[in-house]
Every structure is written in C-alpha cells, then in structure tokens.
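The letter at position 385 of the sequence shown is residue 384 when you use numbering that gives the first Met the number 0, and the numbering goes up by one with no holes. We put the beta carbon where it would ideally sit given N, CA and C, even for glycine. The next block holds one structure in the form of structure tokens; read it before the comments.
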Amino acid sequence: MSTAVLELNDQALLIKTQDGEVFCEPGYALHTEQGIITGLAAQQQAWLQPQNIYRDYWRQLNQAQLPGDQHWARHHADIAFAQLQNLLTKAGSPEQLILSVPSTFDDQQLSLLLGLTGALKTSIVAIVDSSLADCLYLEDSIKEINGAEKQTLYVDLQMHQMVVSQVSFERSNLRIKAHQVIPDIGASHVYNALASYIRDLTIKNHRYDPLHTSEGEQAIYDQLPGLSRRIGGLSECDLSIASPRGDLQILLRKKDIELLLASRLESLNRLIKKTAAADITFSHNTKLISALHSGFSAARELNETQGVDNCLNYHQSLIEKSDNLHRITSIQELPVNSGRRSTDTAPPTPATHLLYQGRAWLLSEPLSIAMDGKRLNITPLVDKSAALVISINKQGLNIIHRDSTSSIELPETAQPGGKIFIGDYQLLLIEVCNG
C-alpha cells in the first residue's frame, strides 16, 4: 500500500512518497473562471491579481462563507481542498497519508482535514505534530546524560506567524512540553519589510518607486526568496531593479536588514534567553530568519525533508500509535531498527561540492541545475525553472526544488561518491579538502 507524508506549513507545503519523490508549493491560491490554481503559479500572480488571490486559508481553515460570489470556492476549506488535490495528484495519489501539522491546527481543523483527504480517496493513518516530526532524529544526537532531561527550542516559521515549541528528551522519551505562537513575525512580514526597504533605497538613490505599479510589486516579490538566500553569508548584496529608465542598481546591507527586523524578532529573542540552557533548532522554513539575521547563527538548521524523512523512517511505529487517530505529541521507546542513526557511529561527512565536466561547484549554497541543449547548465542561485535545485548542509542533501517532468535520480545519502542523474547526464558528489 503506497504511503506518503504531507507537511502542512503554508510557507511551503511539502509531500514526499516512499519512493523518494518530493513535491513542494507555497500556500497561495488564485481563483479564475476555469478553477482554482495553487502554488507557485498563483504566487506569481499575487500582486498582479490581488483581488483573486488567497494566502491565509491554511491558518484560517474553516467553512465560514467567503465574501463575494466565488464560483469555485465557498469557503477556505474549498481552497485547501484544491491544493491538497494538486499535491496528492503530483505524488501519485497515495493510498495512505501521514500528516505532519503544526501545533496551531486545532481539533476542528484536523477533523476538517480528515474529511478533505477522505474525499480524495486517501486514508490518514497518522497525525504528527510537526515539531515532533522534525525533532525525531534528535533523540540520539541530543540524548540525555545520566538520565538528565535535555531540551531544544524548536522554531518553525509559517507564512503569517511563528511557532516556538519546547521539545524534551528524557529517558528515551521525546515529547512536546509547550508551544507558543508569535503572531507578528511570519514569512510575509519579513518579505514586506524587505520590499519596503528596497523601495526606500531605490527612491533615495534613483527617485524611483519600484512598488508603484502591480508589475513592479510582483517583480520585487518574485526576487525576495532568492535574494534572502544569497545574502545569507554576505555583509552586503547588489540588486538590480527594472525601471522605465533601465536597470537601477542598489546595495543592500545586512546590518540595515537586521535593524529592520530587530523589533519583530524581539519576542523570539526573549524566549531564547528565557530557556538559555536549551539548544535552538530551526526548521528549514525558518532559515529565512537565520539568513537575514546573524544573531541566530548558533541555531541548528534542519534540511527541507527532515520531518517527512523522519515520518517515513518511523512510519510503522507512528501508524501503530494511531489506532485511535489523534495528534501525536510524544514518542516513547522507539524501536532501534526504525531508521534512527546509531549513536555509536559518528555521522558521515557530507559532500562539499558537485563535480560536472571537470568543474567543482560549492554545495553550501543553493545550486540550480538546468537542461541546456546537449549539456547541463549550473548556476549558484535558486531558479525554480531549473530541473533541480539543491544544497548540502550538515544534515544532508537539501532538495529546494525538483521538476516533476524531468527524469532525476538522487543518491540515498549526501556522502562523497554519490551520483545524481538528470536525464542522460551524471554528476558526482565529492569532498574538497583544503580547497
């Protein structure tokens, strides 16, 4: 029976199958005369057609009547159903589904989700708190010493809010002790602040407002995710702004962005200081914060598929704990053979570079690999039109984007010697020492 794991975070909904296929799309929906379009295609119209865009339907998942006369959507549940249908279809319509959901989903919303997936002929076999799902692998890597309790503060950034969970490890038991919602810091708040900063710089330097038109707004917001990743390890970054007078160049400074976000991040800083003895763990969706603010460099960063991989590794145990379907917020005495890494062996060193046609490309930052005639074209940025966008961190291979229409084979691990196949082309993972 085919099984997949669906992680519900409206910044990036992600589904992974047992066969290793991964599909991801943001929580945007566009209402058209023909139907509801979801994901990146909708996001790329968000500032061009704001009156037809929905982006809050996961946080406010309910059956309250929407204003206006919308032919395809009576309420937010209809819009969520359209996105679920799209994701499940891409994943081959799995018969069984494990849901990884944030603590902010209440029982009524979970009940509604069960109804939506049931209408899609997919059976929910387990519901796991996403903070628990992401932290399953930590049971070994932050194991208690002499029976003492260890904790990590798990931070997950959604589109409109942040959720901070206190995760406890004690005597082989893993549980969520508490969680807190920070409502004024989500990905949308960060991107809005960045867009305003870019507008102010462009007006100051060139007397031009790039957000004056809907086309200008869309062009700026389309660049923000890639810009955020690019500025991660830099103190400043150039940006080109299209205008009627031609391309305008501005210089973004990291310290100015940090000041811009400081007040919004104060609530998170207070929580971290309050639990000073705890480790800090950032979900892959929270990397937006660590990329833009150097004050969180000590946080452990998880890769994109950490949570869904954990659920697939432990799926039999999770299903057994879900006879009476409920949200799983604690795990006790997981079986040794359920997919955990042994604590007796140090984790293998991941590859540092990708080798193709005699050239080694650094993998600590995202690489986009596109089909270009009779060769592959590799560029050090995030290009969602490429066949594959990847990076590697200490947790392993991070799949940022994967084109479902391309023939792609990925290695099981990110160790040196692993091979990536895209169509007829082969790329090799290698480790560069002292280079």
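- Query: Can Ala81 and Ile35 be called in contact, C-beta distance under 9 Å?
  - Reply: yes
Can you pull the DSSP bridge partners for Tyr153? Ser164, Thr280
| query | Unbroken alpha helix (DSSP H) runs of length 4 or more, entirely within the region 37 to 106: which are they? | reply | Runs of the alpha helix (DSSP H) inside the region 37 to 106: 39 to 42, 75 to 89.
Look up Arg229 in the DSSP assignment and say whether it is helix, strand or coil. helix
Legend entry - Cβ neighbour criterion (16 or more within 10 Å) applied to Gly232: exposed
Q) Shortest alpha-carbon distance to Ser171 belongs to which of Leu396, Ile330, Leu65? A) Ile330
With a threshold of 8 Å on Cβ separation, who are the neighbours of Gly395 within its own chain once the five nearest residues in sequence on each side are excluded?
Asn302, Pro349, Thr412, Ala413
ask   = Quick check: the region 201 to 212 against the region 24 to 32, are there 3 or more CB pairs under 8 Å?
value = no
Could you tell me whether the region 68 to 76 touches the region 92 to 107, using the rule of 3 or more Cβ pairs below 8 Å? no
Cβ-based neighbour list, Gly417, same chain, cut-off 7 Å, excluding 5 preceding and 5 following: Ala350, Pro410, Leu428
Give me the residue from His314, Asn323, Leu131, His159 with the minimum Cα distance to Gln150.
Leu131
What would DSSP say about Ile219, mapped onto helix, strand or coil?
helix
Under the rule that 16 or more other beta-carbon atoms within 10 Å means buried, what is Ser110, buried or exposed?
exposed
Margin query: Quick check: the Cα distance between His159 and Arg58, rounded to an integer number of angstroms?
Written below: Between His159 and Arg58, the C-alpha separation is close to 8 Å.
May I ask you to verify whether the region 77 to 97 touches the region 114 to 127, counting CB pairs closer than 8 Å and requiring at least 3? yes
* **Pick from Glu216, Thr212, Ala369, Gly294 that is closest to Lys383, judged by C-alpha positions** => Ala369
Original post:
Going by DSSP, which residues form a beta bridge with Asn397?
Top reply: Ser390
Quiz item: Residue ranges of each alpha helix (DSSP H) run of no fewer than 4 residues wholly in the region 265 to 321, ordered along the chain?
Solution: For the region 265 to 321, whole alpha helix (DSSP H) runs of length 4 or above, ordered along the chain, are 265 to 273, 286 to 291, 305 to 312, 314 to 319.
Using only the alpha-carbon positions, how far apart do Ala177 and Thr285 sit? 19 Å
Given a threshold of 16 other Cβ atoms within 10 Å of its Cβ, counted over all protein chains shown, does Thr404 qualify as buried or as exposed?
-> So Thr404 ends up on the exposed side.
Straight-line gap, Asn323 to Val127 (C-alpha atoms, nearest Å) = 13 Å
Original post:
Counting Cβ pairs, one atom from each stretch, are 3 or more of them under 8 Å apart for the region 290 to 301 and the region 7 to 21?
Top reply: no
task = Decide if Phe22 is buried, meaning its Cβ has at least 16 other Cβ atoms within 10 Å, or exposed.
result = buried
| Does the beta-carbon of Pro243 have 16 or more other beta-carbons within 10 angstroms, so that it is buried, or is it exposed? | exposed
With DSSP run on the structure shown, which of helix, strand or coil describes Leu173? strand
When you compare each of Trp360, Pro93, Leu264 to Pro182 by their alpha carbons, which one comes out closest?
-> Leu264
In its own chain, which residues sit with a C-beta less than 8 Å from the C-beta of Ile230, not counting the 5 before and 5 after it?
Cys236, Leu251, Lys253, Ile256, Ala290, Leu291
- Query: Would a C-beta distance cut-off of 9 Å place Ala76 and Leu115 closer than the cut-off?
  - Reply: yes
With DSSP as the reference, identify every bridge partner of Glu24, one or two as the case may be. According to the DSSP secondary-structure assignment, Glu24 is paired through a beta bridge with Leu12.
Please return the same chain residues whose Cβ sits closer than 6 Å to the Cβ of Asp423, not counting the five positions on each side in sequence. none
| task | Return the CA-CA distance between Ile175 and Gln165, expressed in angstroms with no decimal places. | result | 6 Å
Review point. Which residues share a DSSP beta bridge with Val127?
Key: Partner(s): Ser99, Ile327.
*asked:* For a quick check, are the C-beta atoms of Leu375 and Pro365 less than 9 Å apart?
replied: no
- Task: Could you spell out the range, first to last residue, of the beta strand (DSSP E) harbouring Ala186?
- Result: Run containing Ala186: none in the beta strand (DSSP E); it sits in the alpha helix (DSSP H), 186 to 205.
Contacting residues, own chain, Cβ-Cβ under 6 Å from Gln157 (five flanking each side not counted)
Asn8, Asp9, Gln10, Gly185
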